[in-house]
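First comes the structure, then the notes that go with it.
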Amino acid sequence: MIRAVTIDDEVNNIDNLTALLRHYCPEVAVIGQAGNAAEGLEVITTLEPELVFLDIQMPGQNGFDLLKSLPHYDFEVIFVTGFDQYGIQAIRFSAIDYLLKPIDPAELQNAVRRAGEKIGEKKQNVQLKNLMQLLVDRHQKPEHRIGLSSAKETRFVKTGHIIRCQAENNYTTFFLLGGEQVLVSRPMFEYDEMLSGYGFIRCHHSHLVNRTFVKSLLKEDSGYLLLEDGSKIPVSRLKKDAVRQALKNQ
Numbered sequence: 005m006i007r008a009v010t011i012d013d014e015v016n017n018i019d020n021l022t023a024l025l026r027h028y029c030p031e032v033a034v035i036g037q038a039g040n041a042a043e044g045l046e047v048i049t050t051l052e053p054e055l056v057f058l059d060i061q062m063p064g065q066n067g068f069d070l071l072k073s074l075p076h077y078d079f080e081v082i083f084v085t086g087f088d089q090y091g092i093q094a095i096r097f098s099a100i101d102y103l104l105k106p107i108d109p110a111e112l113q114n115a116v117r118r119a120g121e122k123i124g125e126k127k128q129n130v131q132l133k134n135l136m137q138l139l140v141d142r143h144q145k146p147e148h149r150i151g152l153s154s155a156k157e158t159r160f161v162k163t164g165h166i167i168r169c170q171a172e173n174n175y176t177t178f179f180l181l182g183g184e185q186v187l188v189s190r191p192m193f194e195y196d197e198m199l200s201g202y203g204f205i206r207c208h209h210s211h212l213v214n215r216t217f218v219k220s221l222l223k224e225d226s227g228y229l230l231l232e233d234g235s236k237i238p239v240s241r242l243k244k245d246a247v248r249q250a251l252k253n254q
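So in this note's numbering, spot 131 of the sequence shown is number 135, and the numbers just go up one at a time.
Okay, here's the thing in structure tokens:
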């Protein structure tokens with residue numbers, strides 16, 4: 005069983021989440037709950053849970069403030085939130101799961117499954133450390149590194165070191181400088197949203213490229229992007245005009 009606590013200032017939200025966990029995630033045992041950051045700190049330090057379901061927006065100190073007050077992170081966190089875009093982006097860059105209210109049962113099951121895979125490793129939660137660093141200055145664009153969670157580890161990669169991404173069903177392969185590849189069990193549209201502000205172009209439903217590495221636009225068929233690593237990436241007819249405009253604005 006996964007020992008979990010829920011932290012939310014609204015009792016109805018706690019009750020709803022507890023009911024969903026009981027029905028859809030029987031492997032989770034809720035051993036405690038809290039209604040604010042101060043109570044949450046006490047629950048975490050006293051009960052030492054393996055998994056924390058944490059609301060971000062709470063009166064007084066929010067969920068991020070609670071995490072900042074902890075000396076170490078030896079548990080997994082799933083955020084339950086409707087927080088502003090910056091908070092969501094920082095969470096996603098850190099490869100941490102979050103659930104938007106109202107909670108979708110399938111997304112809850114997937115988040116719990118991913119957390120369960122990490123809990124057995126008994127390591128400090130490096131994703132939370134990365135998130136806290138991103139949140140030090142809310143005005144700083146979280147562009148330095150992105151968390152890529154594979155089956156074995158979570159790698160934090162500089163966005164400028166990503167040449168391109170390629171989708172296959174619900175998986176995304178990242179092609180990095182030096183020829184390295186990282187396979188991530190998340191759909192590419194999530195990374196499209198995250199990376200669009202950092203020079204990445206969605207040129208095809210299966211391809212996302214860093215325009216820094218675009219060598220030329222080939223005009224055969226609907227078009228191809230020739231990249232610095234020698235790869236030849238198709239441009240779909242629907243994306244052709246947007247790709248050309250993006251390259252002009254480089």
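Think of the CB as a built atom: it goes at the ideal place given N, C-alpha and C, for glycine as much as any other residue.
Item: Quick one: what's got a C-beta closer than 6 angstroms to Val84's C-beta in the same chain, skipping five residues either side?; Value: Phe57, Asp59 and Leu103
Item: Using three-state DSSP, classify Phe193 as helix, strand or coil.; Value: helix
Item: Can you give me the start and stop residues for the beta strand (DSSP E) that Ile167 sits inside?; Value: Ile166 to Glu172
Item: Ordered along the chain, which non-local residues of its own chain (more than five positions away) have a Cβ less than 8 angstroms from that of Pro63?; Value: Asp13 and Asn40
Item: Since Gln37 sits in a beta bridge, which residues does DSSP pair it with?; Value: Thr10
Item: List the whole-angstrom C-beta distance separating Ser210 from Gln185, where the pair is believed to meet the contact cut-off of C-beta under 8 angstroms.; Value: About 15 angstroms separates the two Cβ atoms, so there is no contact after all.
Item: For the stretch 58 to 92, which segments carrying the alpha helix (DSSP H) assignment without a break, of at least 4 residues, lie completely within its bounds, in sequence order?; Value: 67 to 72
Item: Can you check which of these residues, Arg96, Thr49, Ile95 and Gly86, is closest to His76 by C-alpha distance?; Value: Thr49
Item: Whole angstroms are fine: how far does the CA of Pro30 sit from the CA of Ile255?; Value: Examination of residue 255 is not possible in this model, given that the chain is present from 5 through 254 alone.
Item: Over the uninterrupted beta strand (DSSP E) stretch that includes Thr158, give me the two end residues.; Value: Thr158 to Lys162
Item: Measure the C-alpha to C-alpha separation of Glu194 and Asn20 and round it to an integer number of angstroms.; Value: 27 angstroms
Item: Return the residue from the list Val116, Glu197 and Ser200 that minimises the CA-CA distance to Tyr28.; Value: Val116
Item: In whole angstroms, give me the CA-to-CA distance for Gly182 and Glu232.; Value: 12 angstroms
Item: Check the DSSP bridge columns for Gly151 and list the partner residues they point to.; Value: Phe160
Item: Drop a sphere of 10 angstroms on the beta-carbon of Lys243, count the other beta-carbons inside from all chains shown, and report buried for 16 or more, exposed for fewer.; Value: buried
Item: Is DSSP giving Val239 helix, strand or coil here?; Value: coil
Item: Are the beta-carbon atoms belonging to Val4 and Val15 less than 8 angstroms from one another?; Value: The requested residue 4 is not part of the displayed model; the chain covers only 5 to 254.
Item: How is Ile123 classed by DSSP in three states: helix, strand or coil?; Value: helix
Item: I need the straight-line Cα distance from Thr176 to Leu25, nearest angstrom please.; Value: 28 angstroms
Item: Rounded to a whole number of angstroms, what is the C-alpha to C-alpha distance between Leu203 and Lys236?; Value: Just to set this straight, residue 203 is Gly in the shown sequence, not Leu. Roughly 18 angstroms separates the two Cα atoms.
Item: For Lys252, which option in Asp78, Leu187, Val47 and Thr216 has the closest C-alpha, if you only look at C-alpha atoms?; Value: Thr216
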